[in-house]
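Undergrad: For the record, the sequence lines run as chains A and B. Just so we're aligned: 137 in our numbering is position 137 of the first sequence, and the numbers increase by one with no gaps anywhere. Positions in the second sequence are counted from 1; adding 1000 to them yields our numbering. The structure's right below; bear with me while I get my questions together.
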Amino acid sequence: MAPKMSMAAAINAALRDAMAADDAVVVFGEDVGPLGGVFRVTDGLTRDFGEGRCFDTPLAEAGIVGMAVGMAMNGMRPVVEMQFDAFAFPAFEQITSHVAKTANRTRGRVRLPLVIRIPYAGGIGGVEHHCDSSEAYYAHTPGLTVLAPATNADAYGLLRAAIEYPDPVVFLEPKKLYFAKEEVDVAAEVPPIGRAVVRRAGRDATLIAYGPSVPPALAAAEQAAVEGRDVGVVDLRSIVPFDDETVCAEVRSTGRAVVVAEAPGFASVASEIAARVTERCFHHLEAPVHRVTGFDVPYPAPKLERHFLPGVDRILDAVDELQWQDAA
Amino acid sequence: MRLLGHDGEPTGSAPLPAPDVLLDGYRRLVAARRLNEQAQALVRQGRLAVYPSSRGQEACQVACAAVLEERDWLFPTYRDTAAIVARGVDPVEVLTMLRGDWHCGYDPRERRTAPQATPLATQLLHAVGVGHAARLRGEDTVVMALCGDGATSEGDFHEACNFAAVFAAPVVFFVQNNKYAISVPLARQSVAPSLAAKADGYGMPGVLVDGNDLPAVTRVLAEAVARARSGDGPTLVEADTYRMDAHTNADDATRYRTEDEVTGWGERDPLTRVRTYLTGAGVLDETGEREITAASEDMAAQVRRGLAVEAPVDPDELFAHVYATPTPQLTSQRASLRAELEDEDS
Ligand SMILES: Cc1ncc(C[n+]2csc(CCOP(=O)(O)OP(=O)(O)O)c2C)c(N)n1
Ligand SMILES: [Mg+2]
């Protein structure tokens, strides 16, 4: 049996193993050095690999990402941390205008093998700016690869894959999953980027989720089973590239789909998924694809958070609305 | 710049304020300290989710509010609860943010105090905007813009200083250099001779002041305010101070600084030196001290009472303020949440 570790520890292990495997891998950001990051994800890296390999920078996100671009141009594989989702926004120009576009601008002559790690999304009772779901901005920007693990094993494997990837990766770490322990086999094969995984097979309907929304989707499927419906769950893992094949195969087999995501639903990744599935699976669908997402409001203060987050009940309600009365 | 030494002895570099003025300042220092301690206690009791304490920085907190007129504006950060309270905002209203009720618990217009900024240095540009608008409108408003040492590394800090200087905006940039940005020491932010020295590059005056010396901070800030008010543009003031507590209760400061360092700064406490001076000058005796303590205890009790009552939060509010007129989508989302909650109740 593989050892149990938290997602924070799994990411720490992935960073360590990548740093040990390749001297070009360097980690930097705010408080990632002696403190080990505000979530302790980089705990001990400076101590064990030295200040040259894991270091604190001046407090400036555009600076961190901009410098990573230059370092990636010059033979390194930077893995940078944005302290919280909303604190990546000062780096938005660097990310959208340079990280995303440099390879294309240079006809592939300058690729940027860098990773931007972002503790991401809500469910932790955080104050404003500490709980944003920002994946749509990145997914909408051609040139960025966007990953969001939902399990500790994927957090390890996908981060290893991301660091080895030739192109820049935005790596979204669901904060609310940081501390629960699960088995992680670090010797397991590194999962391919761009492949979703069926977490739970189901015959009646398919829930499509990623990152922090996978656990509530699984819990809803569990509850649905009690109520007599066999609901499956697909965990995207990779938002970009998008795995049409796995997602559509599942939806075609059930004919019903609900997309679950924490971000506000308007112009969201969930909308993209619903559109793609509808275009590709229309003749297999028994009902329109539903979305269960956050409301189209700024992320609420802690006391109102529970009303915002897509929970089991809302997911089950959406499943109930999939026009079962029309079924043969 | 220093007016009172650590030992409470006047340095003589400029005259001290009149004793009754200083005594009033001391009263405010004690209240600010008590507020910091009370808020920390409320975190321990689970009444507040988090509190970024300004213990050790009270002279800065008190002074930056004291030098402003009612018509001026204050742009504080998450660290500056005590300054906001010193400005006259109800402490219970300020702290409800940290209790998790809403993002800003007070009406910014009531005391001309902007919401506490969390994204670092971003508010400095807003401060410049308020100041520039005041000039265009012919008002003599001054804007006090607060940030920490770490925030000076952000691009927005540079842009704000430059804009303010170019437009001669009536802004005082007040950097509380408390030596750390969470765990990252000042040396990792800047190798400039001082943060105040950066002012040169923008073409504005920069002043370095002992941030634990109430009369000195007050004097320097008052001069900067006067300068801004008279149309001579912005000033960058750096206060040399220290964050005595961890970054927040969620932080473990033993990971990055020594107990000795903290103790050393404890000996430069901003309250002690004013008390020593006032006592020596015969302005403060035991009765006076008791009176001041009692007043701060009253305030603390009021904060405790205010936060003991759980104010109900209204889920409808999620949708109420996003736009002046809610979009049709928000209206329907509000309806569906209401229906959901009615189901829950029944
Ligand atoms: C743009 C941005 N990046 C990161 C953070 C996370 N963060 C919150 S406080 C802090 C340290 C700030 O240090 P400083 O400016 O010195 O102020 P202090 O907390 O010491 O008062 C950091 C990194 C943030 N709030 N905003
Ligand atoms: Mg600081």
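Idealized CB from N, CA, C, for every residue including glycine.
Alpha carbon to alpha carbon, what distance is there between Val69/A and Val99/A?
TA: Indexing the first sequence from 1 puts residue 99/A at position 99. Indexing the first sequence from 1 puts residue 69/A at position 69. Spanning the two alpha carbons is a distance of roughly 6 Å.
Undergrad: Can a CB atom of chain B be found closer than 9 Å to the CB of Phe28/A?
TA: Along the first sequence, read from residue 1 onward, the residue named residue 28/A stands at position 28. So no, Phe28/A is outside the interface.
Undergrad: With C-beta atoms as the reference, is Val234/A less than 9 Å away from Ala209/A?
TA: Looking up residue 234/A in the first sequence gives position 234. Looking up residue 209/A in the first sequence gives position 209. Yes, the Cβ-Cβ distance between Val234/A and Ala209/A is below 9 Å.
Undergrad: So is the beta-carbon of Gln1302/B under 8 Å away from any non-hydrogen atom of ligand 2?
TA: In the second sequence, counting from the first residue as 1, residue 1302/B sits at position 302. Result no, Cβ not under 8 Å from ligand 2.
Undergrad: Taking a contact to mean a Cβ-Cβ separation below 9 Å, would you say Arg77/A touches Ile11/A in this structure?
TA: Here residue 77/A corresponds to residue number 77 of the first sequence, with the count starting at 1. Here residue 11/A corresponds to residue number 11 of the first sequence, with the count starting at 1. Contact: no.
Undergrad: Quick check: what's the CA-CA separation for Gly1280/B versus Val1274/B?
TA: Taking the second sequence and counting its residues from 1, the one referred to as residue 1280/B is at position 280. Taking the second sequence and counting its residues from 1, the one referred to as residue 1274/B is at position 274. Whole-angstrom Cα-Cα distance: 10 Å.
Undergrad: Scan the segment 92-155 of chain A and note each continuous beta strand (DSSP E) run of 3 residues or more that stays entirely inside, going in chain order.
TA: For the segment 92-155 of chain A, whole beta strand (DSSP E) runs of length 3 or above, ordered along the chain, are 115-120 and 145-147.
Undergrad: Using the Cα positions of Asp1149/B and Met67/A, report the straight-line distance between them to the nearest angstrom.
TA: Looking up residue 1149/B in the second sequence gives position 149. Looking up residue 67/A in the first sequence gives position 67. About 21 Å.
Undergrad: Would you verify that the beta carbon of Glu182/A is, or is not, closer than 9 Å to some beta carbon of chain B?
TA: Start at 1 with the first residue of the first sequence, and residue 182/A comes out as number 182. Closer than 9 Å: no.
Undergrad: Cβ of Ala1181/B within 8 Å of any heavy atom in ligand 2?
TA: Reading the second sequence from its first residue, position 181 is the one you call residue 1181/B. Yes, the Cβ of Ala1181/B comes within 8 Å of a heavy atom of ligand 2.
Undergrad: Along the segment 1237-1266 of chain B, what residues have a CB closer than 7 Å to any CB found in chain A?
TA: Those would be Arg1255 and Tyr1256, in chain order.
Undergrad: Using only the alpha-carbon positions, how far apart do Val1262/B and Ala121/A sit?
TA: If you number the second sequence from 1, residue 1262/B lands on position 262. If you number the first sequence from 1, residue 121/A lands on position 121. Taking the straight line joining both Cα atoms gives about 35 Å.
Undergrad: Ends of the alpha helix (DSSP H) at Ile276/A?
TA: Counted from its first residue, the first sequence places residue 276/A at position 276. The sequence given here has Arg at residue 276/A, not Ile. Where Arg276/A is concerned, the enclosing alpha helix (DSSP H) stretches over Val269 to Cys281.
Undergrad: Please check the pair Ile118/A and Phe171/A, which I expect to be a contact at CB under 8 Å, by giving their CB distance rounded to whole angstroms.
TA: For the purposes of this step, residue 118/A is identified with residue 118 of the first sequence, where counting begins at 1. For the purposes of this step, residue 171/A is identified with residue 171 of the first sequence, where counting begins at 1. Ile118/A to Phe171/A, Cβ: 7 Å. Contact.
Undergrad: Among the candidates His307/A, Arg237/A, Glu250/A and Val184/A, whose CA atom is the shortest distance from the CA of Glu135/A?
TA: Working through the first sequence from its first residue, we reach residue 135/A at position 135. When only C-alpha atoms are compared, the closest one is Arg237/A.
Undergrad: What residue range is occupied by the uninterrupted beta strand (DSSP E) comprising Asp1140/B?
TA: Within the second sequence, residue 1140/B is the residue found at index 140, counting from 1. Run containing Asp1140/B: none; DSSP gives neither H nor E here.
Undergrad: At a CB-CB cut-off below 9 Å, which residues of chain B make contact with Ala35/A?
TA: In the first sequence, residue 35/A corresponds to position 35, counting from 1. What sits at residue 35/A in the sequence shown is Leu, not Ala. Simply Ile1182, Ser1183, Val1184, Asp1251, Asp1252, Arg1255 and Tyr1256.
Undergrad: Taking 9 Å as the CB-CB cut-off, is Gly1315/B touching chain A?
TA: Locating residue 1315/B in the second sequence gives position 315, counting from the first residue. Checking the sequence shown, residue 1315/B turns out to be Pro, not Gly. With 9 Å as the cut-off, Pro1315/B counts as an interface residue toward chain A.
Undergrad: Taking the alpha carbon of Cys948/B as the point to measure from, which residue in Gln1189/B, Gly1306/B and Asn1177/B has its own alpha carbon closest?
TA: With chain B represented from 1001 up to 1346, any question about residue 948/B goes unanswered, as that position is not in the structure.
Undergrad: Within the same chain, show all residues whose beta-carbon is closer than 6 Å to that of Thr96/A, passing over the 5 residues directly before and after it, in chain order.
TA: Counting from one through the first sequence, the residue named residue 96/A turns up at place 96. Hits under 6 Å: Thr141.
Undergrad: Shorter than 8 Å, the distance from the beta carbon of Gln1176/B to the closest heavy atom of ligand 2, or not?
TA: Against the second sequence, residue 1176/B aligns to sequence position 176. Yes - ligand 2 has a heavy atom lying nearer than 8 Å to the Cβ of Gln1176/B.
Undergrad: Within 10 Å of its beta-carbon, does Glu1344/B have 16 or more other beta-carbons around it, so buried, or fewer, so exposed?
TA: If you number the second sequence from 1, residue 1344/B lands on position 344. It is exposed - the Cβ of Glu1344/B has fewer than 16 other Cβ atoms within 10 Å.
Undergrad: Counting C-beta neighbours from all protein chains within 10 Å, is the total for Val1085/B 16 or more, i.e. buried, or is it exposed?
TA: Sequence index remark: in the second sequence, residue 1085/B carries index 85 (1-based). So Val1085/B ends up on the buried side.
Undergrad: Helix, strand or coil for Lys303/A per DSSP?
TA: Sequence index remark: in the first sequence, residue 303/A carries index 303 (1-based). Helix, per DSSP.
Undergrad: In whole angstroms, what separates the C-alpha of Arg1028/B from that of Gln1302/B?
TA: As a first step, residue 1028/B must be located in the second sequence, where it is residue number 28. As a first step, residue 1302/B must be located in the second sequence, where it is residue number 302. Arg1028/B and Gln1302/B: Cα-Cα distance of roughly 16 Å.
Undergrad: If you run the structure through DSSP and keep just helix, strand and coil, what is Glu1297/B?
TA: Along the second sequence, one-based indexing puts residue 1297/B at 297. Here Glu1297/B sits in helix by DSSP.
Undergrad: So the candidates are Arg1137/B, Ala1239/B and Pro1119/B; which of them puts its Cα closest to the Cα of Asp85/A?
TA: Taking the first sequence and counting its residues from 1, the one referred to as residue 85/A is at position 85. It is Pro1119/B whose Cα lies nearest to the Cα of Asp85/A.
Undergrad: I'd like the span of the alpha helix (DSSP H) that includes Gly63/A, first residue to last.
TA: Position 63 of the first sequence, counting from 1, holds the residue named residue 63/A. Counting along the chain, the alpha helix (DSSP H) containing Gly63/A begins and ends at Glu61 to Met73.
Undergrad: Interface residues of chain A around Val1351/B at Cβ under 8 Å?
TA: It is not possible to answer for residue 1351/B, since the shown part of chain B is limited to 1001 through 1346.
Undergrad: Skipping 5 residues on each side, what residues in its chain have a beta carbon closer than 7 Å to that of Leu1214/B?
TA: Against the second sequence, residue 1214/B aligns to sequence position 214. Cβ neighbours of Leu1214/B beyond the five flanking positions: Gly1025, Leu1029, Ala1059, Val1062, Ala1063, Pro1270 and Val1274.
Undergrad: How would you write the range of the beta strand (DSSP E) that His290/A sits in, first residue to last?
TA: Residue numbering aside, residue 290/A sits at position 290 when the first sequence is read from its first letter. Looking at the DSSP string, the run of the beta strand (DSSP E) that includes His290/A is His290 to Gly294.
Undergrad: Quick one: is Trp1073/B near chain A, going by C-beta distance under 9 Å?
TA: Position 73 of the second sequence, counting from 1, holds the residue named residue 1073/B. It does not: the Cβ of Trp1073/B has no partner Cβ on chain A nearer than 9 Å.
Undergrad: Is it buried or exposed for Glu1238/B, if we count other Cβ within 10 angstroms and need 16 for buried?
TA: Stepping through the second sequence from its first residue, residue 1238/B is reached at position 238. Buried, since its Cβ has 16 or more Cβ neighbours within 10 Å.
Undergrad: Going by beta carbon distance, what residues of the same chain come within less than 6 Å of His1247/B, once the five residues before and after it are set aside?
TA: Here residue 1247/B refers to the residue found at position 247 of the second sequence. If we look at His1247/B and ignore the five residues flanking it on each side, its Cβ neighbours are Ile1182.
Undergrad: CB Leu1074/B to CB Met1001/B, shorter than 9 Å?
TA: If you number the second sequence from 1, residue 1074/B lands on position 74. If you number the second sequence from 1, residue 1001/B lands on position 1. No, Cβ-Cβ distance for Leu1074/B and Met1001/B is not below 9 Å.
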